[in-house]
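**Student:** Residue numbers for the sequence shown follow the UniProt record's numbering, so the first one is 1 and each next one is one higher.
Note that beta-carbon positions come from the ideal geometry of N, C-alpha and C, so glycine has one too.
Have a look at the structure that comes next, please.
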Amino acid sequence: MEPSARRGLRHQRAAADGRPGRLGTGRDVRLSGRADGQHAERLSDLPGRGACAVFHAAHPEGRQTASATPIFRYKRIRALMSNRPSRLSGKARPPRVLRLAVAGSVILMIAAGGLFYYASLVAAKKRAANAGTETVVNIHAHNCEPNALTVAAGKNAFRIVNRSERAVEWEILDGVLVIEERENIAPGLSQVINANLAPGDYAITCGLLSNPRGTLHVTSTAESDAKAKARPSMTAFIGPLSEYRVYLSLQGSALIKAVTALQEAIDAGDLSAAQAAYLPARAAYQRMAPAAQRLSELDNAINARADYYEKREQDTGFTGFHRIEYALFEQHSVEGLSTVAQRLQADVTQLKQQLLAQSLKPEQLPAIATRTLRSLADVRSNGEEERYSHSDLNGFAANLDGTRKIVDLLRPLLTRSAGDLLQKIDAAMADLDTTLDALSTGDGYRPYDQVDAAQRQQIAAKAGALADSLDGIDLALGLSDL
1 MEPSARRGLR HQRAAADGRP GRLGTGRDVR LSGRADGQHA ERLSDLPGRG ACAVFHAAHP
61 EGRQTASATP IFRYKRIRAL MSNRPSRLSG KARPPRVLRL AVAGSVILMI AAGGLFYYAS
121 LVAAKKRAAN AGTETVVNIH AHNCEPNALT VAAGKNAFRI VNRSERAVEW EILDGVLVIE
181 ERENIAPGLS QVINANLAPG DYAITCGLLS NPRGTLHVTS TAESDAKAKA RPSMTAFIGP
241 LSEYRVYLSL QGSALIKAVT ALQEAIDAGD LSAAQAAYLP ARAAYQRMAP AAQRLSELDN
301 AINARADYYE KREQDTGFTG FHRIEYALFE QHSVEGLSTV AQRLQADVTQ LKQQLLAQSL
361 KPEQLPAIAT RTLRSLADVR SNGEEERYSH SDLNGFAANL DGTRKIVDLL RPLLTRSAGD
421 LLQKIDAAMA DLDTTLDALS TGDGYRPYDQ VDAAQRQQIA AKAGALADSL DGIDLALGLS
481 DL
């Protein structure tokens, strides 16, 4: 076969045109960073002569004259190549749409961060405006420092610093009634309590229930005196307050009945029956919790967790529901519980009597519901309340029932004066109700140790949103001026 027949069509055309072939000596050798040869450098144009010994092995004549050919300067070629655009590198770049999407995401993240920062500043300013002067109280293992406080009437903020080794709570008490409180303050941390205080003398708790109480003296101001003289009539609130007393009476009777059934099961030595009776008795108390938690001493006897006693579960002062819960669900025993159940029966009977004997001010009606929901959101949603029985969801649902009753009593007043706020409250109650219903079973609710962290956070968020909306009732109805 002729040599021309063995060569390709491109080579044959080149020969016909008189152009040098692949190995022709007259062909310009190009070096390019691009696949199509565009923008290539002619080696003959390079400084120091272009033809180089690098390619002499590919040329018959080059093999003979390699020693006479100047050494090719590789660094010069590389420098020239680096100045040329590369199509391959261009193809490696991400598509324009993707680059725009990434840029848009970054912009959205920056905007969201800015909005969050702005909202945080607004919330901080609002809290500062509502807080007033801040007083620091240090809680040690066995006392508060200072143990005697004096502040002016009106808005006050108390920063409670836990310098003990136990989680503690701090309360402001008016006699046996809780005015404000903060639970579960972790060791080494601090929390702020905001309180709108009227002139008078109050007591303060200092950590463990066995610790001595402190005192809080609130002095009058010109503003507090003016408000006292300008208080509007309470006629509009007579109906809601009276109906709430009836509700507490009915719920108190239901609580006494449920605790009686629990006591009978314990006295009979029937562990299964006692475990079954515990849940409805506990739920009955949680429906009354907003009002019951105003009575500090009784609430501690009935409802205090082991954390608030020096020796925890082994402390002789540890009584009430959680002492029974510990025995039934942790120790799986009714041994020694009869005395505890008898005292619980006496305490819930006294609770009903004291709730009916105590007067309730209009501003306290939404305030007690707000406090209960805030406690649910900030503390109890973590599962510490019913840590032995894991029946937390039953208690949350009962808290919502008690809150709904208070809202319904105020509904006529809110409809006339704050319709938008009422819609917000109803929506928040529905959201929490829906969240709890999603965790219900055929005969109650899922054990709380089967509720994951994300679901617990959702419960806390919904309860917090409801507490925030309830907090607006005071201003909407002018309750603080009553």
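Within 8 Å, do at least three Cβ pairs link the stretch 391 to 402 to the stretch 428 to 439?
**Tutor:** The stretch 428 to 439 vs the stretch 391 to 402: in contact.
**Student:** Starting from LYS405, trace the alpha helix (DSSP H) in both directions and tell me its first and last residue.
**Tutor:** Residues 392 to 417.
**Student:** Rounded to the nearest angstrom, what separates LEU413 and ALA467 at their Cα positions?
**Tutor:** So the alpha carbons of these two residues sit roughly 19 Å apart.
**Student:** Leaving out the 5 sequence neighbours to the left and right, which residues in its chain are closer than 6 Å to SER469 when beta-carbon positions are compared?
**Tutor:** Cβ neighbours of SER469 beyond the five flanking positions: LYS424, ILE425, ALA428.
**Student:** Just mark GLN450 as buried or exposed, buried being the case when its beta carbon has 16 or more other beta carbons within 10 Å.
**Tutor:** Exposed, since its Cβ has fewer than 16 Cβ neighbours within 10 Å.
**Student:** Taking DSSP's pairing of strands, which residues face GLN450 in a bridge?
**Tutor:** None, per the DSSP bridge assignment.
**Student:** If you drop the 5 nearest sequence neighbours on each side, which residues of the same chain put their C-beta closer than 7 Å to that of VAL176?
**Tutor:** Taken in chain order, the residues that qualify are LEU295, SER296, GLU297.
**Student:** Provide the residue span of the alpha helix (DSSP H) that contains LEU248, from first to last.
**Tutor:** Run containing LEU248: 235 to 267, per the alpha helix (DSSP H) assignment.
**Student:** What are the residues that DSSP puts in a beta bridge with THR205?
**Tutor:** THR205 pairs with nothing; no bridge assigned.
**Student:** Compute the Euclidean distance between the alpha carbons of ASN300 and ARG343, then round it to the nearest angstrom.
**Tutor:** Distance between the alpha carbons of ASN300 and ARG343 is about 13 Å.
**Student:** If we require 4 or more residues per run, which alpha helix (DSSP H) segments fall completely within the stretch 309 to 333?
**Tutor:** Those alpha helix (DSSP H) runs which fall completely within the stretch 309 to 333 and span 4+ residues are 320 to 325.
**Student:** Of all the options LEU479, LEU216, PHE329, ARG159, which has the alpha carbon lying nearest to the alpha carbon of GLN191?
**Tutor:** Closest option to GLN191, Cα to Cα, is ARG159.
**Student:** Would you tell me roughly how many angstroms separate the C-alpha atoms of ASP431 and HIS140, rounded to the nearest one?
**Tutor:** Their backbone Cα atoms lie some 40 Å apart in a straight line.
**Student:** Whose C-beta lies closer than 6 Å to the C-beta of ARG456 among residues of the same chain, with five residues either side of it excluded?
**Tutor:** Same-chain partners within the cutoff: SER381.
**Student:** Among THR319, ARG305, GLU335, which one has its Cα closest to the Cα of ARG166?
**Tutor:** Here the closest residue by C-alpha is ARG305.
**Student:** How long is the line joining the alpha carbons of THR221 and ALA258, rounded to whole angstroms?
**Tutor:** Approximately 48 Å, taken between the alpha carbons.
**Student:** By Cβ distance, which residues of its chain are closer than 6 Å to ALA35, with the 5 residues on each side in sequence left out?
**Tutor:** Reliability of the predicted coordinates at ALA35 is poor, the pLDDT of 42 falling under 50, and the value obtained from them is presented with this limitation in mind. Around ALA35: no qualifying Cβ.
**Student:** Give the DSSP bridge partners of HIS217, in chain order.
**Tutor:** According to DSSP, HIS217 bridges with THR150, ASP201.
**Student:** Going by DSSP, what residue range makes up the beta strand (DSSP E) through VAL168?
**Tutor:** Segment 168 to 174, the beta strand (DSSP E) holding VAL168.
**Student:** Taking only three categories from DSSP, how would you classify ARG87?
**Tutor:** With a pLDDT of 47 at ARG87, under the threshold of 50, the modelled position of this residue cannot be trusted; read the value that follows with caution. In this structure, ARG87 counts as helix in the three-state DSSP scheme.
**Student:** Given a cut-off of 8 Å on the beta-carbon distance, is the pair TYR308 and LEU209 in contact?
**Tutor:** Yes, the Cβ-Cβ distance between TYR308 and LEU209 is below 8 Å.
**Student:** Tell me which residues share the same chain as ILE107 and place their Cβ nearer than 6 Å to its Cβ, disregarding the 5 neighbours each side in the sequence.
**Tutor:** Once the five neighbours on either side are set aside, ILE107 has no close Cβ partner at all.
**Student:** Could you please give the first and the last residue of the uninterrupted beta strand (DSSP E) stretch that includes LEU177?
**Tutor:** Counting along the chain, the beta strand (DSSP E) containing LEU177 begins and ends at 177 to 185.
**Student:** Tell me the rounded alpha-carbon separation between ARG312 and GLU223.
**Tutor:** Near 45 Å, if we compare the C-alpha coordinates of GLU223 and ARG312.
**Student:** By Cβ distance, which residues of its chain are closer than 6 Å to LEU355, with the 5 residues on each side in sequence left out?
**Tutor:** Hits under 6 Å: LEU248, ALA291.
**Student:** Which residues does DSSP pair with ILE110 in a beta bridge?
**Tutor:** DSSP lists no partner for ILE110.
**Student:** Within a Cβ cutoff of 8 Å, which residues of the same chain sit near ASN196, ignoring the five residues on either side of it in sequence?
**Tutor:** Taken in chain order, the residues that qualify are GLY154, LYS155, ASN156, SER480.
**Student:** Please determine, among LYS405, GLU180, ALA397, the residue with the shortest C-alpha to C-alpha distance to SER440.
**Tutor:** Among LYS405, GLU180, ALA397, the Cα nearest to that of SER440 is on ALA397.
**Student:** Spatial neighbours of ASP401 within its chain, please: C-beta separation below 6 Å, excluding the five flanking residues on both sides.
**Tutor:** Closer than 6 Å at the Cβ level, and outside the excluded window around ASP401, lie ARG287.
**Student:** Assuming ASN382 is part of the alpha helix (DSSP H), what are its boundary residues?
**Tutor:** Premise fails: ASN382 is in no alpha helix (DSSP H) and is neither H nor E.
**Student:** Alpha carbon to alpha carbon, how far is ALA284 from ARG182? Give it in angstroms, no decimals.
**Tutor:** Their Cα atoms are separated by approximately 24 Å.
**Student:** Per DSSP, GLU145 is paired with what?
**Tutor:** Partner(s): ASN138.
**Student:** If you draw a straight line from the alpha carbon of ALA277 to that of GLY269, how long is it in whole angstroms?
**Tutor:** In a straight line, the C-alpha of ALA277 is about 13 Å away from that of GLY269.
**Student:** Cα separation between ILE474 and ALA265?
**Tutor:** Sequence inspection shows Asp at residue 474; the Ile mentioned does not correspond to that position. If you take the alpha carbons of ASP474 and ALA265, they lie about 44 Å apart.
**Student:** Any idea what DSSP makes of TYR278, helix, strand or coil?
**Tutor:** If DSSP states are grouped into helix, strand and coil, TYR278 belongs with the helices.
**Student:** Give the secondary structure of SER224 by DSSP, where H, G and I count as helix, E and B as strand, and everything else as coil.
**Tutor:** It is helical.
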